[in-house]
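Counting with mature numbering (1 follows the signal peptide of the UniProt record, and there is no 0), you get residues -25 to -1, 1 to 454 for the letters of the sequence shown.
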Amino acid sequence: MLAAATTRSIIINIIIMVVVVQLSPDEIMAETKRFVEVSKQIHSFEERNVTKNFNLKKDQLKDVTETHKQLEQHYKKATEKVAKEKADVDKMQNPSTRAFFSDQQSFDEKMTKEQEEYLEAVSEQEVAKKQMDGIAEQKQQLEKEVATLGKKMESLMKLYDEQDAILGRIFNGAYGSELENKLEAEFDAILERKERIMVAKYKWTNARILLQHAVNQLGVACGKWLDLQKVQANNVQAKYFMAREARNNLIAAAQNITSAQRYLNNIKFPYCKPSEIKTLERACQNIYFDMQSPERHQHAYQCYNVTYRRAAALLQWFDSVIKNTIGKDLENAKKELAPKEKALREERLRLIKERMGGDADGITLGDGGDFDGDDDELDPELVAIMKPAKPEGTEGGDTLSPDDTSGPPKAPTPLPLNELAPPPSQDELFGNIEQLKQQHEKEMAEFEKAQETNKARIEQGLQEKLRQRRNRRTRLAAD
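Okay, structure coming up:
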């Protein structure tokens, strides 16, 4: 994202170079006024981090599309398995098959086994269908978001083209000053770090929303599963209905945790790891068998309850990372950025007044009111873009009905902070910050070296820096 200060830098250089090519005062003001208008529109897009969000959504869509293909294959195999198990049950009912069994008990045992395998296959197919439909909805939603952000990107690139056209008419390649170049390089390095932290905040906040739904759904599922024990044994329909409610909440919770992990694919969750979610999904497939005996019911409950408690711990870990790591790093970046931007603004204002003399009395860069905005808050349009998975047949997806007084089990007791898993590393959270730092130090060293050369070479280096500045937009769009 181009900084507001960088935009102002170009404005200053326009003004300075307009003087060099001896444009009239009216031409100076007309070009500058239009450039400021375009820059404000660009800043509006940049403040919402359109470029990085567009690239982020494209990456997510690519991942979700691949996952959808895999789930389609899984559902196809599950459907074929159902057909096979159904054929085995039908075959058992064939009179010729019955003749192979010496007594009715042997036949009944075999028939029961085949029916259980068929029921298990049907349950697996239903779970696979829900997973496939859930990821298909995410894919459709991401396609819309990518299309919307793509249009914004097109508008942004057109504005950049207009900026370049203005530069082409009035820019002759000179830079402001050596100090300005140095301050801008330092400012851009801090700004880049801040933007990376903002992207991390966006991703973690969205993942947390999904995780919060998962915790609620696991709580509801555990409550429904415990209530199932209170239903009369002969009320089969009620027992199956309650088991289905529990299963649907478990499936939705598993999908939401998986989606949260997909948002943060470079982060290893300390709780609710992929293997644990696989175990939960397998338990969902056996839920109709687990409801038939107290022993299996209790064993299944232990699985659900452990996942519920670990998901609550994961949510607590998320809150700690967002508040104590991302939040603090963002605040530190803001504190570093403000004085650097002020120094840069003051140097540019000095250059304008020096070059234009009395004609510069009416020119101000302002105190940031025209360009600066508190872009640390996430754009509401971009928060929770991926809708949480909901249990089938529900609106809220993770709430109890008004007449359900049983409720989920008591919420897990929060872990002491010293027992929480350690936060991710800086590189895992924000990318390779150290590499960026080394790159900045290298650029600054090269700049210092350039200052020691003759004036002509310095001028050549400054013009090269200017060309790099003008190309920055292209590089950012490709990142």
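Glycine included, each C-beta is placed from N, C-alpha and C at the ideal position.
- Sort Asn307, Pro399 and Tyr263 by Cα distance to residue 458 and report the nearest one. Only positions -25 to 454 of the chain appear in the structure, and residue 458 is not among them; the question remains open.
- Query: Are Ile232 and Ala189 touching if we call contact CB-CB under 8 Å?
  - Reply: Counted from its first residue, the sequence shown places residue 232 at position 257. Counted from its first residue, the sequence shown places residue 189 at position 214. A contact, by the Cβ cut-off of 8 Å.
- Would you give the residue range spanned by the alpha helix (DSSP H) that Leu46 belongs to? The count along the sequence shown starts at 1 and reaches residue 46 at position 71. Looking at the DSSP string, the run of the alpha helix (DSSP H) that includes Leu46 is Val25 to Met67.
- Task: Taking 8 Å as the cut-off, decide whether the C-beta atoms of Lys253 and Asn224 are in contact.
- Result: One-based indexing of the sequence shown puts residue 253 at position 278. One-based indexing of the sequence shown puts residue 224 at position 249. Contact flag unset, no.
- Message: For a cutoff of 8 Å on Cβ pairs, would you count Thr282 as touching chain D?
- Response: Checking the listed chains, one finds no chain D in this structure; it contains a single protein chain.
- Item | Neighbourhood of Val217 by C-beta distance below 7 Å, restricted to the same chain and skipping five residues each side | Taking the sequence shown and counting its residues from 1, the one referred to as residue 217 is at position 242. Contrary to the premise, residue 217 reads as Met rather than Val in this sequence. Contacts found: Lys199, Asp202, Leu203 and Val206.
- Task: Please confirm whether Lys44 and Glu120 have their CB atoms less than 8 Å apart.
- Result: Position 69 of the sequence shown, counted from the first residue, corresponds to residue 44. Position 145 of the sequence shown, counted from the first residue, corresponds to residue 120. Going by C-beta atoms, Lys44 is not nearer than 8 Å to Glu120.
- Query: Are there three or more Cβ pairs, one per stretch, closer than 8 Å when the region 154 to 171 is compared with the region 226 to 244?
  - Reply: no
- Item | C-beta atoms of Met128 and Val13 nearer than 8 Å | Here residue 128 corresponds to residue number 153 of the sequence shown, with the count starting at 1. Here residue 13 corresponds to residue number 38 of the sequence shown, with the count starting at 1. Cβ distance not < 8 Å, so Met128 and Val13 don't count as in contact.
- Query: By a C-beta neighbour count over all protein chains shown, 10 Å radius and 16 as the cutoff for buried, is Arg222 buried or exposed?
  - Reply: As a position in the sequence shown, residue 222 is number 247, starting the count at 1. Answer is buried; the Cβ neighbour count reaches 16.
- Message: Between which residues of its own chain and Phe82 is the CB-CB distance below 7 Å, once the five residues before and five after are set aside?
- Response: Translated into positions along the sequence shown, residue 82 becomes position 107. Taken in chain order, the residues that qualify are Arg73 and Phe76.
- Between the CA atoms of Asn210 and Gln273 - distance to the nearest angstrom: Working through the sequence shown from its first residue, we reach residue 273 at position 298. Working through the sequence shown from its first residue, we reach residue 210 at position 235. When rounded, the distance between both Cα atoms is 20 Å.
- Message: Less than 8 Å between the C-beta atoms of Phe244 and Gly125, yes or no?
- Response: Along the sequence shown, read from residue 1 onward, the residue named residue 244 stands at position 269. Along the sequence shown, read from residue 1 onward, the residue named residue 125 stands at position 150. Contact flag unset, no.
- Between which two residues does the alpha helix (DSSP H) carrying Ala160 extend? Translated into positions along the sequence shown, residue 160 becomes position 185. Glu153 to Asp202 is the span of the alpha helix (DSSP H), which, as asked, contains Ala160.
- Item | Reduced DSSP secondary structure (H/G/I, E/B, other) of Ser268 | In the sequence shown, counting from the first residue as 1, residue 268 sits at position 293. The answer is coil: DSSP assigns Ser268 none of H, G, I, E or B.
- Anticipated Cβ contact below 8 Å, Leu186 with Leu290, distance rounded: As a position in the sequence shown, residue 186 is number 211, starting the count at 1. As a position in the sequence shown, residue 290 is number 315, starting the count at 1. Contact flag correct, Cβ pair sits at about 5 Å.
- Message: Taking a contact to mean a Cβ-Cβ separation below 8 Å, would you say Ala308 touches Arg168 in this structure?
- Response: The residue you call residue 308 lines up with position 333 of the sequence shown. The residue you call residue 168 lines up with position 193 of the sequence shown. In this structure, Arg168 lies closer than 8 Å to Ala308 by Cβ.
- Alpha-carbon to alpha-carbon, Asp265 and Arg271: Position 296 of the sequence shown, counted from the start, is the residue given in the question as residue 271. Position 290 of the sequence shown, counted from the start, is the residue given in the question as residue 265. Approximately 5 Å between the Cα atoms of the pair.
- Drop a sphere of 10 angstroms on the beta-carbon of Glu306, count the other beta-carbons inside from all chains shown, and report buried for 16 or more, exposed for fewer. The count along the sequence shown starts at 1 and reaches residue 306 at position 331. By the 10 Å Cβ count, Glu306 comes out exposed.
- Taking the alpha-carbon positions, what's the Glu316 to Ser130 distance? Taking the first residue of the sequence shown as position 1, residue 316 is located at position 341. Taking the first residue of the sequence shown as position 1, residue 130 is located at position 155. Cα-Cα distance, rounded: 27 Å.
- Task: Quick one: residues in its chain with C-beta nearer than 6 Å to the C-beta of Met60, no 5 flanking neighbours on either side, listed in chain order?
- Result: In the sequence shown, counting from the first residue as 1, residue 60 sits at position 85. One point to set straight first is that residue 60 is Glu, not Met, in the sequence displayed. So the qualifying residues of the chain are Glu92, Tyr93 and Ala96.
- How long is the line joining the alpha carbons of Arg445 and Glu137, rounded to whole angstroms? Reading the sequence shown from its first residue, position 470 is the one you call residue 445. Reading the sequence shown from its first residue, position 162 is the one you call residue 137. Confidence is the limiting factor: at Arg445 the pLDDT is only 49, short of 50, which leaves the residue's position unreliable, though a coordinate-based value still follows. Using only the alpha carbons, I get a separation of about 13 Å.
- What is the DSSP secondary structure of Ala218, counted as helix, strand or coil? Within the sequence shown, numbered from 1, the residue matching residue 218 stands at position 243. Reduced to three states, the DSSP call for Ala218 is helix.
- Just tell me which of Tyr215, Pro249 and Leu36 has its CA closest to the CA of Gln116. Locating residue 116 in the sequence shown gives position 141, counting from the first residue. Answer by Cα proximity: Leu36.
- Where Tyr238 sits in the DSSP three-state scheme: Locating residue 238 in the sequence shown gives position 263, where the first residue counts as 1. Here Tyr238 sits in helix by DSSP.
- Message: So, under 8 Å CB-CB, Tyr177 and Ala103 are touching, yes? Tell me the CB distance rounded to an integer number of Å.
- Response: Your numbering for residue 177 matches position 202 in the sequence shown. Your numbering for residue 103 matches position 128 in the sequence shown. Actually they are not in contact, since the Cβ atoms of Tyr177 and Ala103 sit about 31 Å apart, beyond 8 Å.
- Helix, strand or coil for Ala227, going by three-state DSSP, please let me know. As a first step, residue 227 must be located in the sequence shown, where it is residue number 252. DSSP places Ala227 in helix when its eight states are reduced to three.
- Status (buried if at least 16 other CB within 10 Å, exposed otherwise) for Glu321: The residue labelled residue 321 in the question sits at position 346 within the sequence shown. So Glu321 counts as exposed.
- Message: I need the DSSP call for Gln78, collapsed to helix, strand or coil.
- Response: Along the sequence shown, one-based indexing puts residue 78 at 103. With the sequence shown as reference, residue 78 is identified as Asp, and Gln is not the correct amino acid for it. Asp78: coil per DSSP, three-state reduction.
- Query: With 16 as the cutoff for other CB atoms within 10 Å, does Ser234 come out buried or exposed?
  - Reply: Stepping through the sequence shown from its first residue, residue 234 is reached at position 259. Label assigned to Ser234: buried.
- Looking only at C-alpha atoms, which of Glu89, Asp38 and Lys88 sits nearest to Gln113? The residue labelled residue 113 in the question sits at position 138 within the sequence shown. Among Glu89, Asp38 and Lys88, the Cα nearest to that of Gln113 is on Asp38.
- Query: Taking Met132 as the reference, which of Glu153, Glu311, His18 and Ala208 has the closest Cα?
  - Reply: To locate residue 132, count along the sequence shown from 1; it is residue 157. Closest option to Met132, Cα to Cα, is His18.
- Is it the case that the Cβ atoms of Ile301 and Ile172 are separated by a distance below 8 Å? Residue 301 sits at position 326 when you count from the first residue of the sequence shown. Residue 172 sits at position 197 when you count from the first residue of the sequence shown. Against a cut-off of 8 Å, the Cβ pair of Ile172 and Ile301 comes out as a contact.
- Message: Assuming contact is defined by CB atoms lying nearer than 8 Å, are Tyr283 and Leu193 in contact in what I supplied?
- Response: Residue mapping note: residue 283 aligns to position 308 of the sequence shown, counting from 1. Residue mapping note: residue 193 aligns to position 218 of the sequence shown, counting from 1. A contact, by the Cβ cut-off of 8 Å.
- Message: Here's a check: name, in chain order, each residue in its chain whose Cβ is nearer than 6 Å to the Cβ of Ala53, leaving out the five neighbours to either side.
- Response: As a position in the sequence shown, residue 53 is number 78, starting the count at 1. So the qualifying residues of the chain are Glu99, Gln100 and Ala103.
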